[in-house]
Amino acid sequence: MIDPTSLTFLVVVILIALIFEFANGFNDAANAIATVVSTRVMSPLTAVAMAGVMNFLGAISGTAVAKAIGKGVVDPDGITLLTVACGVTAAAIWVFLASRLGMPVSGSHSLIAGVAGAGIAQAGFGVLVWSGMRKILLGLFFSPLLGFTGGFLIMLTIYWVFRKATPVLVTAIFSKLQIGTAAAVAFSHGSNDAQKTMGIITLALFVSPHGQIDSFDVPTWVILISATVMGLGTYFGGSKVIRTLGVRIVRMRPVHGFAAESAAATVIELATRTGIPVSTTHVITSTILGMGSTQRLSAVRWGVARGIVYAWVFTFPFCALLGAALLYVLQQFAI
């Protein structure tokens, strides 16, 4: 039996958050390397090693998103450490389940929904920080639209600029350039997604009865450990998800991978620097769809894309209800 107010329970909550971080990196490995692997520019092993390192570097590059997640979903004064634990556990369960099924779901949606659901179960809808939620939801909604548009426009621009070049020359050029864009996506993924778990751990420290921190500033050790776990999760990322994003949506050559990755990295990094948490899964998938649409609509396997959208749609209600259910059960039976 663990007392929800004990220091031991705080450690358990942090461990659960780090498990989620690992699962997020594991599931989102495809976001950075699916295109570069599917176009055979890099081997899977080399690609995941590169992505792991760039995820780490991105994760230590700032804390704006961490603060948005930690303070912008629920009011820290209206919840307990148990609330945080239930929300993160719900998100971790969903992300692990999705990884097993090979579906690239949104870790951002999972975490926000899980914490929001547990918070509502704890203190009602009044605990939600509506200004923060509005900013987060707008970012999650508009980022895939920007990604789709960016992928489409960059691909069109490349077609026009290289309209007289031979396919061999185009492939030779973009085989090299795509390595850089893959690294940029991995960096931006770490800078946005890893910060979400940093925010949750900081929230746990803030609401802990032991008063681990007095102000909502992300401790250095939280930044480093979150970045490391994210990098390891990416390194061991799931091959099923890589295949879904890199092969099953639309067949790509290096030039296509470059267009999708450059658009995705730009959208994610802009969001990160303005403190807006976005779904990197949403963004990279939408850029692939936008890029693929420039060839012909039939080039995109919309059935696979539809299945991914269904997974996104189910994420919010599933994680919110699971977070609320976990809180209810643990409150009734005490841990």
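Per numbering that gives the first Met the number 0, the sequence shown starts with residue 0, numbered consecutively.
From the three backbone atoms N, C-alpha and C, an ideal C-beta is built for every residue, glycine too.
Every value quoted in this text rests on a predicted model; they were computed, and no experiment measured them.
Measure from the alpha carbon of residue i to the alpha carbon of each residue in the options, then state which is nearest.
i, options, result
"valine 10", "Val221, Ala270 and Leu145", "Val221"
"tyrosine 309", "His281, Ile287 and Leu329", "His281"
"leucine 145", "Ile224, Gly24 and Ala270", "Ala270"
"alanine 22", "Ala193, Gly61, Tyr158 and Gly150", "Ala193"
"threonine 148", "Thr219, Gly289 and Phe186", "Gly289"
"isoleucine 18", "Leu231, Ala67 and Thr293", "Leu231"
"valine 228", "Lys163, Leu14 and Val167", "Leu14"
"glycine 125", "Pro75, Leu202 and Phe141", "Pro75"
"glycine 106", "Glu20, Phe140, Thr7 and Pro253", "Glu20"
"proline 253", "Pro143, Leu202 and Pro166", "Pro166"
Just confirm the distance between the C-beta atoms of residue i and residue j, as a whole number of angstroms; I'd bet it's less than 8 Å.
i, j, result
"valine 184", "alanine 263", "5 Å"
"glycine 24", "lysine 70", "Actually they are not in contact, since the Cβ atoms of glycine 24 and lysine 70 sit about 24 Å apart, beyond 8 Å."
"alanine 259", "glycine 123", "Actually they are not in contact, since the Cβ atoms of alanine 259 and glycine 123 sit about 42 Å apart, beyond 8 Å."
"serine 261", "isoleucine 153", "6 Å"
Near residue i, which residues of its chain fall below 6 Å by C-beta distance, leaving aside the five closest residues on each side in sequence?
i, result
"phenylalanine 257", "Phe173, Leu176, Gln177 and Thr180"
"valine 59", "One point to set straight first is that residue 59 is isoleucine, not valine, in the sequence displayed. Only Ile222 and Ala226 meet the Cβ criterion."
"proline 43", "Val36"
"isoleucine 212", "Leu204 and Phe205"
"isoleucine 275", "Gly138"
"alanine 16", "Val87, Thr196, Ile199 and Ile200"
"phenylalanine 161", "Val169"
"alanine 46", "Ile32, Val35 and Val36"
"isoleucine 68", "Lys195, Gly198 and Pro276"
"histidine 255", "Met290"
"alanine 164", "none"
"phenylalanine 95", "Ala22"
Report all residues from its chain with a CB closer than 8 Å to the CB of residue i; omit the five preceding and five following residues, and keep chain order.
i, result
"alanine 112", "Ala89, Ala90, Thr314, Phe315, Pro316, Phe317, Cys318, Ala319 and Gly322"
Ignore the nearest five residues each way along the sequence and tell me which others in residue i's own chain have a CB closer than 7 Å to its CB.
i, result
"threonine 82", "Ala117, Gly118, Gln121 and Leu326"
"methionine 356", "Lying outside 0 to 334, the shown extent of the chain, residue 356 is not represented and no answer is given."
"isoleucine 143", "It is proline, not isoleucine, that sits at residue 143 in the sequence shown. Closer than 7 Å at Cβ, skipping near neighbours: His281, Val282 and Ser285."
"phenylalanine 235", "Phe25"
Suppose you measure from the CA of residue i to the CA of residue j; what does that come to, to the nearest Å?
i, j, result
"alanine 182", "valine 40", "13 Å"
"threonine 284", "proline 208", "41 Å"
"leucine 56", "leucine 155", "31 Å"
"arginine 133", "isoleucine 157", "36 Å"
"threonine 233", "methionine 53", "10 Å"
"valine 128", "valine 312", "22 Å"
"valine 73", "leucine 110", "12 Å"
"valine 12", "threonine 79", "11 Å"
"glycine 77", "valine 114", "12 Å"
"tryptophan 93", "tryptophan 159", "43 Å"
"glutamine 294", "histidine 108", "31 Å"
"alanine 324", "threonine 273", "34 Å"
"phenylalanine 332", "threonine 7", "19 Å"
"cysteine 85", "valine 328", "10 Å"
"alanine 48", "glutamine 330", "42 Å"
"phenylalanine 215", "threonine 265", "28 Å"
"leucine 202", "isoleucine 135", "17 Å"
"leucine 100", "alanine 171", "35 Å"
"phenylalanine 141", "threonine 219", "31 Å"
Taking 7 Å as the cut-off, is the CB of residue i close to at least one heavy atom of the ligand SAH?
i, result
"valine 328", "The model on display carries no ligand, and the ligand SAH is accordingly not part of it."
What residue ranges within the stretch 25-74 form continuous beta strand (DSSP E) runs of no fewer than 3 residues, ordered along the chain? none
Entirely enclosed beta strand (DSSP E) segments - the stretch 107-191, minimum 3 residues: none
Minimum length 4: unbroken alpha helix (DSSP H) runs contained in the stretch 264-294: DSSP runs (the alpha helix (DSSP H)) wholly in the stretch 264-294: 279-292.
In the stretch 195-220, which residue ranges form an unbroken beta strand (DSSP E) of at least 3 residues, counting only runs that do not cross its ends? With a minimum length of 3 residues, no continuous beta strand (DSSP E) run stays inside the stretch 195-220.
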